[in-house]
Amino acid sequence: MGRGVIDPRSLTPEALMAEIDAAIAASEYQRATAYLKMAAPKSNSKSKQSAQLHDVKAADEAYKSACSAIASGQLEPALASLRIALAKCPPDKTSALAKIHSLMSITSLQLHDRNKEVIDA
Numbered sequence: 008m009g010r011g012v013i014d015p016r017s018l019t020p021e022a023l024m025a026e027i028d029a030a031i032a033a034s035e036y037q038r039a040t041a042y043l044k045m046a047a048p049k050s051n052s053k054s055k056q057s058a059q060l061h062d063v064k065a066a067d068e069a070y071k072s073a074c075s076a077i078a079s080g081q082l083e084p085a086l087a088s089l090r091i092a093l094a095k096c097p098p099d100k101t102s103a104l105a106k107i108h109s110l111m112s113i114t115s116l117q118l119h120d121r122n123k124e125v126i127d128a
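Below, the structure written as structure tokens:
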């Protein structure tokens, strides 16, 4: 939702919830990143600090773990792994961030549908 304006009337309630979940995750990511930057020790090398905060390999491993969890139907652990991937992914990797956000939306929607089925049953 943060990248553009979406008409909520054109979305199903489940899709709207998935968009809201993705927006919340993005907000959590920004807040966590800000806290990490404030808490990080001052150093002469900004790239060294960025490398400590953002780890492409860790983000990729978390993303792969999320995909595996989704494939096995474990949606809660998948969302947790996607949040880790989002936190570790460098901000300049926009396509990777978009992919993570998209998968978070889809997974949130599936989890919402699953929970709704349990409640309705």
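This note's numbering puts the sequence shown at residues 8 to 128.
We put the CB at the ideal spot given by N, CA and C, even for glycine.
Since the model is a prediction, treat every value here as computed from it, not as a measurement.
- Sequence-distant Cβ neighbours of E83 in its own chain, meaning closer than 8 Å and more than five residues away, are L118.
- Burial is judged here by how many other beta carbons sit within 10 angstroms of a residue's own beta carbon; A41 has fewer than 16 and is exposed.
- S75: member of the alpha helix (DSSP H) spanning 63–78, first to last residue.
- Pairing S112 with L104, the inter-Cα distance amounts to about 12 Å.
- For D28, the CB contacts under 6 Å within the same chain, skipping 5 residues up- and downstream, are S115 in chain order.
- Residue state for T19 is assigned as coil, using DSSP reduced to three classes.
- The beta-carbon separation of A69 and A92, rounded to 4 Å, stays under the 8 Å limit for a contact.
- By the C-beta density criterion, L18 is exposed, having fewer than 16 other C-beta atoms within 10 angstroms.
- For D127, the secondary structure class from DSSP, reduced to helix, strand or coil, is helix.
- The beta carbon of L86 is closer than 6 Å to those of T114 in its chain, skipping five residues each way along the sequence.
- A73 places its beta carbon 8 Å or farther from that of K95.
- Short of 8 Å from the beta carbon of S88, and not among the five residues preceding or following it, lie these beta carbons of its own chain, in chain order: A69, Y70, S72, A73, A76.
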